[in-house]
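Novice: Quick note, the sequences are listed as chains A and B, same order. Just so you know, we're using our numbering here: the first sequence kicks off at 46 and counts up by one. Just so you know, we're using our numbering here: the second sequence kicks off at 7 and counts up by one. The C-beta atom is built at its ideal place from N, Cα and C for all residues, glycine as well.
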Amino acid sequence: MNFQPTEDQKALRETIHAFVADKIPNERFPDLVKSKGFDRALWSELAEMGVFSLRLSEDEGGVGLGYSDAVLVFEELGRRLVPGPLIWSHLAAGLIEGAATGDTVVGGIDLCGPQAGPILIEHLDSIDVLIVLRPEGIFRIDAREIDGEEVEVSLDPLSPVSYVASLPAGTQIADAAASARMRLEGAAIVSGQLLGLASGALELANEYAKTREQFGRPIGGFQAVKHMLADMFVKQEAARAGAYNAGATLDAPEVADVERAVSAAKITAGEGAIRNARTCIQVHGGMGFTWEVIAHYYFKRAWVLENAFGTQDEHSERIATLLEALN
Amino acid sequence: MDLRYTQDETKFRNELASWLASEVPTYGLSPSSHDWDARRVYDTGWQRKLFDAGYAGINWPKEYGGRDATLIEQLIYFEEIAKANAPYVGVNFVGILHGGPTIMAEGTDAQKAKHIRGIISGEQVWCQGFSEPVAGSDLAGLQTRATRDGDDYIVSGHKIWTSFAQVADYCELLVRTDPDTPKHGGISWLIMPMDLDGIDIRPLPTIEGEGEFSEVFLDNVRIPIENLVGKENDGWRVTNVTLRFERGTAFASDMIHLQAFVQDMIKAAKQITSDGTSAWEDKALRREIGHLSGELEALWAMVKLSVCEALESGVPGLGSSAIKLYYTSIYQRITELGVRLMGRAGLSRSDVGGMPSSLFLARHFNAISLTIAAGTTEIQKNIIGERVLGLPKEPKPQPR
């Protein structure tokens, strides 16, 4: 066993890290808000980097990497708050033509969870195809056929949502097992993205705590602040362990219960992202409550992704059920 | 990121598991925690069995009789002994984890010859004389004095939190040999035989009303200078060299114990009637148990990540503070949930009405000590803040 990322995996993470850091500096956020979190040129570049195709085999135009690689890539996308229906297009690669290359922008919605409504679809104006996860299977709908009304103000300025009163049935393209499987994979990979949020929020707060001075000292020198940052580090490491464990267990399902590993990841990564975003705002004091400091983007995206592929509550109940079966 | 065990690792696991399956059931039950003499016999007897089977000193070098197992084998080892409910290391704790490794690294040939085999085979029991009433988190502030008199040190002082002192043969003792140099500089590491004159051991009952701690009062105890380990006034460094033996693999046992405790909680919840139905039907309770178990699963993964990091770098990662913080937090929250679940049955520390309140309360008491022992939560947070995140250090105290 060696659970640490391999040299290749570290290099992959570093490549994505450098790419998105270059493409999305802090100054670019106002532009991204204007374009509602979608930029076709950036999308094509992400496709070229292999973000959508990386798990496809070489025959299918991919590089044949695994789930743990995908988790590492999405960690870096999360850290830099890269917007767009990233995970859906990643999951649709190989299933929807053009998704892997970025030519077809695929969004999606998961209707397998316990919540009955309302149906809110992210990035509806930017996507070409919507895939719908239902308990009975995966369905495909042409985005032009969807009559949606964009909400007045979305929670995350980079994740616009549209209210859809009546969703067309669409065409079934895969069965119930495939739908459940995609939901599981989605939860694992979004855990990587949530880890990135938890980590990005910690970096932002840490940098501020070292430079912001009050009472003649950097505020990070005060134990009250230092201990908040240490708590953020623990949350980050829990999110990391959870997300990596989900990826590595999907890659080698013989080692453990995949469902339990994925639910654990969604719980710890969701908690890490939400708590660290909140603490990041607190560490920034009044400035953390402004639009100017990017802390609020971490907070808002964390809640968007908390509600993707099952909430912490849903995954907690899932684990309880799995544990009961062992009792 | 590969969670699969190699063939060799699996072979190690299978051999150990089958040895444990044949030895544990016949070894008998652990004696009452009050009966120190029986505890010594029980714990050292098990250590001897481990030694004879080649499973003692799992991380010790072969030249000292250890197994020199790989870090992954050590993880497997601690996982399997917990799964088999094998006896805990008990009174051998200090010798195996700290005293022995320190003598291996810093001791003279005579010291090694006298102690190493005794420790690993369960013949010698050690205790630890580090903390003092005035020196807890700030250990280097210790004041127990040792002054040279011919071929002896004459030692006087007051040690506290000394585990297993009642049954120990030797004590790893930190003393101040130079009162004039700044704190870390004037400390020495001595081997103190516990049968010397002038040693007074007084049990220090914990909030459980009993427990393994004592206070040890030293009144002009004469310790031969041949018992100095390392150089005089170099004891702080000597104490810390053992850190390189410690990679956090023993957490694997804690993971298994906590998983088992969660299953005990589910069993209890199914027995308890609440609002006319089983407490397990309570969605809030199920969510809470599920959430904590998810965190526990992530903690297990964190331990594996950290051990594999040490495997690559050769040194323990700074992440070990994060593991300790997360582990102790999860342990406290899980066991507190256990106490809540007991309700009024928890007013009794012995089982009543079929409720396992004795186990549930004992676990929670134990949990409370964990955010204090081995570096408090607050000290661990300082370590993460300063050494991992690079935040400004606390103001340095002025030398006395």
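Kindly list the residues whose CB is nearer than 7 Å to the CB of Glu392 (chain B), restricted to its own chain and excluding five residues on each side of it in sequence; keep chain order.
Specialist: The count along the second sequence starts at 1 and reaches residue 392 (chain B) at position 386. Counting only Cβ-Cβ distances below 7 Å, and skipping sequence neighbours, we find Lys399.
Novice: Starting from Gln53 (chain B) and walking both ways along the alpha helix (DSSP H), at which residues does that stretch end?
Specialist: In the second sequence, counting from the first residue as 1, residue 53 (chain B) sits at position 47. Here the alpha helix (DSSP H) through Gln53 (chain B) covers 42 to 59.
Novice: Which first and last residues belong to the beta strand (DSSP E) in which Ser207 (chain A) is found?
Specialist: Working through the first sequence from its first residue, we reach residue 207 (chain A) at position 162. Looking at the DSSP string, the run of the beta strand (DSSP E) that includes Ser207 (chain A) is 206 to 208.
Novice: By the three-class DSSP mapping on this structure, what secondary structure does Gln130 (chain B) have?
Specialist: The sequence position of residue 130 (chain B) within the second sequence is 124, counting from 1. The answer is coil: DSSP assigns Gln130 (chain B) none of H, G, I, E or B.
Novice: Which runs of the beta strand (DSSP E) spanning at least 3 residues fall entirely within the segment 151 to 239 of chain A, listed in chain order?
Specialist: Runs found: 151 to 155, 165 to 167, 174 to 179, 182 to 187, 206 to 208, 216 to 219.
Novice: Expressed to the nearest angstrom, what Euclidean distance is found between the alpha-carbon atoms of Pro211 (chain B) and Thr51 (chain A)?
Specialist: Your numbering for residue 211 (chain B) matches position 205 in the second sequence. Your numbering for residue 51 (chain A) matches position 6 in the first sequence. Cα to Cα, Pro211 (chain B) sits roughly 49 Å from Thr51 (chain A).
Novice: So Arg182 (chain B) and Arg151 (chain B) are in contact, right, with Cβ under 8 Å, and what is the actual spacing, rounded?
Specialist: Numbered from its first residue, the second sequence carries residue 182 (chain B) at position 176. Numbered from its first residue, the second sequence carries residue 151 (chain B) at position 145. Arg182 (chain B) to Arg151 (chain B), Cβ: 6 Å. Contact.
Novice: Taking the C-alpha atoms as reference points, what is the distance between Asp357 (chain B) and Glu216 (chain B)?
Specialist: Residue numbering aside, residue 357 (chain B) sits at position 351 when the second sequence is read from its first letter. Residue numbering aside, residue 216 (chain B) sits at position 210 when the second sequence is read from its first letter. Going from the Cα of Asp357 (chain B) to the Cα of Glu216 (chain B) covers about 18 Å.
Novice: Measuring CB atoms only, is the segment 327 to 336 of chain B touching the segment 269 to 282 of chain B, in the sense that at least three cross pairs come out at less than 8 Å?
Specialist: Too few Cβ pairs lie closer than 8 Å, so no.
Novice: Regarding Tyr176 (chain B) and the ligand FMN, is the C-beta to nearest heavy atom distance less than 8 Å?
Specialist: Ligands are entirely absent from the displayed structure, and the ligand FMN is therefore not among its contents.
Novice: Any beta carbon of chain A sitting closer than 9 Å to that of Asn372 (chain B)?
Specialist: Taking the first residue of the second sequence as 1, we reach residue 372 (chain B) at position 366. Chain A, which has no Cβ nearer than 9 Å to the Cβ of Asn372 (chain B), makes this no.
Novice: How long is the line joining the alpha carbons of Leu249 (chain A) and Leu175 (chain A), rounded to whole angstroms?
Specialist: Here the question's residue 249 (chain A) lines up with position 204 in the first sequence. Here the question's residue 175 (chain A) lines up with position 130 in the first sequence. Approximately 34 Å, taken between the alpha carbons.
Novice: Name the DSSP beta bridge partners of Thr283 (chain B), please?
Specialist: Taking the second sequence and counting its residues from 1, one reaches residue 283 (chain B) at position 277. In DSSP, Thr283 (chain B) forms a bridge with B:Ser280.
Novice: Do the segment 184 to 192 of chain A and the segment 333 to 349 of chain A make contact, defined as three or more Cβ pairs closer than 8 Å?
Specialist: Touching, no, given that fewer than three Cβ pairs across the two stretches are closer than 8 Å.
Novice: If you count every other CB in all the chains shown that lies within 10 Å of the CB of Ile126 (chain B), and 16 or more means buried, which is it?
Specialist: Counting from 1 along the second sequence, the entry for residue 126 (chain B) is found at position 120. Answer is buried; the Cβ neighbour count reaches 16.
Novice: Going straight from the alpha carbon of Leu212 (chain A) to that of Ala275 (chain A), what length do you get?
Specialist: As a position in the first sequence, residue 212 (chain A) is number 167, starting the count at 1. As a position in the first sequence, residue 275 (chain A) is number 230, starting the count at 1. If I take the Cα positions, the gap works out to 45 Å.
Novice: Can you tell me whether DSSP reads Tyr83 (chain B) as helix, strand or coil?
Specialist: Against the second sequence, residue 83 (chain B) aligns to sequence position 77. If DSSP states are grouped into helix, strand and coil, Tyr83 (chain B) belongs with the helices.
Novice: List, in order along the chain, the chain A residues whose C-beta lies closer than 7 Å to that of Ser299 (chain B)?
Specialist: Walking along the second sequence from the start, residue 299 (chain B) turns up at place 293. Simply Ile364, Leu368.
Novice: What number of angstroms, rounded off, separates the C-alpha of Gly352 (chain B) from the C-alpha of Leu367 (chain B)?
Specialist: In the second sequence, residue 352 (chain B) corresponds to position 346, counting from 1. In the second sequence, residue 367 (chain B) corresponds to position 361, counting from 1. Roughly 7 Å separates the two Cα atoms.
Novice: Let me know if Asp155 (chain A) comes out buried or exposed under the rule of 16 or more other beta-carbons within 10 Å of its beta-carbon.
Specialist: Residue 155 (chain A) sits at position 110 when you count from the first residue of the first sequence. Answer is buried; the Cβ neighbour count reaches 16.
Novice: If you draw a straight line from the alpha carbon of Lys350 (chain A) to that of Leu196 (chain B), how long is it in whole angstroms?
Specialist: Taking the first sequence and counting its residues from 1, the one referred to as residue 350 (chain A) is at position 305. Taking the second sequence and counting its residues from 1, the one referred to as residue 196 (chain B) is at position 190. Note on identity: in this sequence residue 350 (chain A) is Leu, with Lys being the wrong assignment. The straight-line gap from Cα to Cα measures roughly 57 Å.
Novice: Cβ of Ser113 (chain A) less than 9 Å from any chain B Cβ?
Specialist: Working through the first sequence from its first residue, we reach residue 113 (chain A) at position 68. Yes, Ser113 (chain A) counts as interfacial toward chain B.
Novice: Using a C-beta cutoff of 9 Å, does Thr279 (chain B) count as contacting chain A?
Specialist: Reading the second sequence from its first residue, position 273 is the one you call residue 279 (chain B). With 9 Å as the cut-off, Thr279 (chain B) does not count as an interface residue toward chain A.
Novice: Would you mind giving the Cβ-Cβ distance between Leu203 (chain A) and Pro128 (chain A), rounded to the nearest angstrom? I have them listed as a contact below 8 Å.
Specialist: Sequence index remark: in the first sequence, residue 203 (chain A) carries index 158 (1-based). Sequence index remark: in the first sequence, residue 128 (chain A) carries index 83 (1-based). Confirmed, Cβ separation roughly 4 Å.
Novice: Does chain A have any CB closer than 9 Å to the CB of Ile295 (chain B)?
Specialist: Start at 1 with the first residue of the second sequence, and residue 295 (chain B) comes out as number 289. Judged by the 9 Å Cβ criterion, Ile295 (chain B) is in contact with chain A.
Novice: On a Cα-Cα basis, can you pick out the residue from A:Asp76, A:Gln327, A:Glu316, A:Pro298 that is closest to Ala254 (chain A)?
Specialist: The sequence position of residue 254 (chain A) within the first sequence is 209, counting from 1. Comparing Cα-Cα distances from Ala254 (chain A) to each of A:Asp76, A:Gln327, A:Glu316, A:Pro298, the minimum goes to A:Gln327.
Novice: Who are the neighbours of Ala297 (chain A) on chain B, taking C-beta pairs under 9 Å?
Specialist: Here residue 297 (chain A) corresponds to residue number 252 of the first sequence, with the count starting at 1. Result: Asp8, Leu9, Arg10.
Novice: Identify, in the order they occur along the chain, each residue of the same chain with its Cβ nearer than 7 Å to the Cβ of Tyr337 (chain B), setting aside the five sequence neighbours on each side.
Specialist: Here residue 337 (chain B) corresponds to residue number 331 of the second sequence, with the count starting at 1. Only Leu264, Ala373, Leu376 meet the Cβ criterion.
Novice: Identify the contact partners of Ala23 (chain B) in chain A, using a Cβ-Cβ distance below 8 Å as the criterion.
Specialist: Here residue 23 (chain B) is taken as the residue at index 17 of the second sequence, counted from 1. What Ala23 (chain B) touches in chain A: nothing, since even the nearest Cβ is about 17 Å away.
Novice: With distances taken between CB atoms, is the gap from Val300 (chain A) to Arg19 (chain B) smaller than 9 Å?
Specialist: Taking the first sequence and counting its residues from 1, one reaches residue 300 (chain A) at position 255. Taking the second sequence and counting its residues from 1, one reaches residue 19 (chain B) at position 13. No, they are not a contact pair.
Novice: Run through DSSP, which three-state label would Ala152 (chain B) get?
Specialist: One-based indexing of the second sequence puts residue 152 (chain B) at position 146. If DSSP states are grouped into helix, strand and coil, Ala152 (chain B) belongs with the strands.
Novice: Please name the residue in A:Tyr342, A:Thr313, A:Asn251 whose C-alpha comes closest to that of Gln281 (chain A).
Specialist: The sequence position of residue 281 (chain A) within the first sequence is 236, counting from 1. Considering only alpha carbons, the answer is A:Thr313.
Novice: Using a Cβ cut-off of 8 Å, pull out every chain B residue sitting near Ala343 (chain A), in sequence order please.
Specialist: Counting from 1 along the first sequence, the entry for residue 343 (chain A) is found at position 298. Correcting the residue type first, residue 343 (chain A) is Tyr in the shown sequence and not Ala. Within chain B, no residue comes near Tyr343 (chain A); the closest Cβ sits about 17 Å away, beyond 8 Å.
Novice: Exposed or buried, what is Ser171 (chain A) when buried is set at 16 or more other beta-carbons lying within 10 Å of its beta-carbon?
Specialist: Position 126 of the first sequence, counted from the first residue, corresponds to residue 171 (chain A). Buried.
Novice: If you run the structure through DSSP and keep just helix, strand and coil, what is His329 (chain A)?
Specialist: In the first sequence, the residue the question calls residue 329 (chain A) occupies position 284. In the structure shown, His329 (chain A) sits in coil (DSSP, three-state: anything other than H, G, I, E or B).
Novice: Considering just the uninterrupted stretch of the alpha helix (DSSP H) at Asp175 (chain B), what are its terminal residues?
Specialist: Residue mapping note: residue 175 (chain B) aligns to position 169 of the second sequence, counting from 1. No alpha helix (DSSP H) holds Asp175 (chain B); DSSP gives it neither H nor E.
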